[in-house]
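For reference, the structure discussed in these notes is given below.
In my numbering, the protein residues as written are 26 to 418.
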């Protein structure tokens, strides 16, 4: 089955052991006429590694919960370069309403609306607010360098630590109640429709700025609210007592938030374009997602000593980048993690090393470089990988 970038995906995860006959299912999906121009993808028939590439759902889904993707490659006008343009300019409000109706009609646990090849959701529909948080906690659960407390490590977790984190996933969902989860929402849309709750980041005209999806995910995941012991309920804030009648003291100025530690970025010029060279300590999946959404404020820090003129140029024109890669399996080819055998077979020779076109999760198409004596790297400068290779030390 050929899958086209920017195809609109209606992702349905059914309740456990939901018994639905084919007629009821088709009617719940809008009828045979509505499905004629769409592809139906039974995710459970795929290799699990393919689901990890498309959109992982474990450990969110429980035993007996099926998943179905409805893919429409004509609903959205494809962007020239999804890695550069973060805005879907199509009105997605009809698709949102169709998802809500389907979720109300069929025994759906969670429904999502997103596009292939880009990170983040435009719309989430669930019957339980905690399920909204559960799906947004998956990036924490599956990130091999983030520990059980939500803190990022410089090196991957051990197998034992990673398994302990997955075991803590269900417990984390009991730490915040519905009121505490919803109280965190700001800058996103929330509503109740009968038995379902809906949260989305669509604009008033139905367009979707994918950079807002990170905000929605962060607010619902609430990693910063983790309890010291997984599963321990978070303390609720006491109602504020009436203040005594006295002249209010001036509020102290908030201290600037310290930036995370790590070496500074190196910025180079390649044919008049800005090129960012990442040290290993400054590159992870979150940074890759920020690069994919052109969220440069999350990439370039104040302490990076990048001249103001260059910062303005990055904000205006964007930037290419190159970063170290630790494991071949972090990148994909044809929906599967890259193996050493496949790299050895398919890599092409370049000046100073070897290269292979691959896909990097949360970003998109990149070139994998292997440079003797220096290691492996990935770069967004896909048409001039040799130039990028010369920038690493």
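Think of the CB as a built atom: it goes at the ideal place given N, C-alpha and C, for glycine as much as any other residue.
Using 10 angstroms around the beta-carbon of residue i, count the other beta-carbons present and answer buried if the total reaches 16, otherwise exposed.
i: residue 92; result: buried
i: residue 388; result: buried
i: residue 380; result: buried
i: residue 249; result: exposed
i: residue 308; result: buried
i: residue 257; result: exposed
i: residue 237; result: buried
i: residue 217; result: exposed
i: residue 235; result: buried
i: residue 229; result: exposed
i: residue 66; result: buried
i: residue 347; result: buried
i: residue 393; result: buried
i: residue 318; result: buried
i: residue 255; result: buried
i: residue 58; result: exposed
i: residue 251; result: buried
i: residue 344; result: buried
i: residue 334; result: exposed
i: residue 294; result: exposed
i: residue 253; result: exposed
i: residue 342; result: exposed
Go ahead and pull the three-state DSSP assignment for residue i.
i: residue 61; result: coil
i: residue 291; result: strand
i: residue 318; result: coil
i: residue 116; result: coil
i: residue 374; result: strand
i: residue 86; result: coil
i: residue 308; result: coil
i: residue 202; result: coil
i: residue 385; result: strand
i: residue 71; result: coil
i: residue 123; result: helix
i: residue 327; result: helix
i: residue 182; result: coil
i: residue 197; result: helix
i: residue 66; result: strand
Just to check, is the beta-carbon of residue i closer than 8 angstroms to a non-hydrogen atom of the ligand ZN?
i: residue 78; result: Absence of the ligand ZN is noted for the structure shown, with no ligands found whatsoever.
Give the range of the beta strand (DSSP E) segment to which residue i is assigned.
i: residue 25; result: The shown model of the chain, from 26 to 418, leaves out residue 25, and the question about it has no answer.
i: residue 400; result: 400-404
i: residue 159; result: Careful: residue 159 lies outside any beta strand (DSSP E), inside the alpha helix (DSSP H) at 154-161.
What residues match up with residue i in a beta bridge as DSSP calls it?
i: residue 35; result: 95, 138
i: residue 345; result: 300
i: residue 148; result: 138, 225
i: residue 362; result: 357
i: residue 218; result: 221
i: residue 133; result: 39
i: residue 380; result: 373, 394
i: residue 104; result: DSSP lists no partner for residue 104.
i: residue 177; result: 171
Along the chain, where does the alpha helix (DSSP H) containing residue i start, and where does it finish?
i: residue 169; result: That residue, residue 169, is in no alpha helix (DSSP H); it is neither H nor E in DSSP.
i: residue 208; result: It is not in any alpha helix (DSSP H) - residue 208 carries neither H nor E in the DSSP assignment.
i: residue 238; result: 236-246
i: residue 50; result: 47-53
i: residue 412; result: 410-414
Indicate whether at least one CB of chain C lies closer than 9 angstroms to the CB of residue i.
i: residue 40; result: Any reference to chain C falls outside this structure, which holds one protein chain only.
Sufficient close CB pairs (3 or more, under 8 angstroms) joining the segment 121-136 to the segment 148-156: Because the criterion of three Cβ pairs below 8 angstroms is met, the segment 121-136 and the segment 148-156 touch.
The segment 237-245 touching the segment 127-136, judged by at least three CB pairs closer than 8 angstroms: Counting Cβ pairs under 8 angstroms, fewer than three are found: no touch.
Segment contact, 8 angstroms Cβ cut-off, at least three pairs: the segment 182-196 with the segment 155-166: Counting Cβ pairs under 8 angstroms, three or more are found: they touch.
Validate contact between the segment 135-146 and the segment 219-238 using beta carbons, cut 8 angstroms, 3 pairs: Three or more beta-carbon pairs separated by less than 8 angstroms link the segment 135-146 to the segment 219-238, which places the two stretches in contact.
Meets three-Cβ-pair contact criterion under 8 angstroms: the segment 103-111 and the segment 74-85: No: fewer than three Cβ pairs fall under 8 angstroms.
Three or more C-beta pairs below 8 angstroms linking the segment 359-372 and the segment 314-333: Taking 8 angstroms as the limit for Cβ pairs, the verdict is that the segment 314-333 does not touch the segment 359-372.
Validate contact between the segment 54-66 and the segment 83-103 using beta carbons, cut 8 angstroms, 3 pairs: By the criterion of at least three beta-carbon pairs nearer than 8 angstroms, the segment 54-66 is in contact with the segment 83-103.
The segment 206-214 contacting the segment 287-303, beta-carbon criterion three pairs below 8 angstroms: A contact is defined here as three or more CB-CB pairs under 8 angstroms, and the segment 206-214 fails this definition with respect to the segment 287-303.
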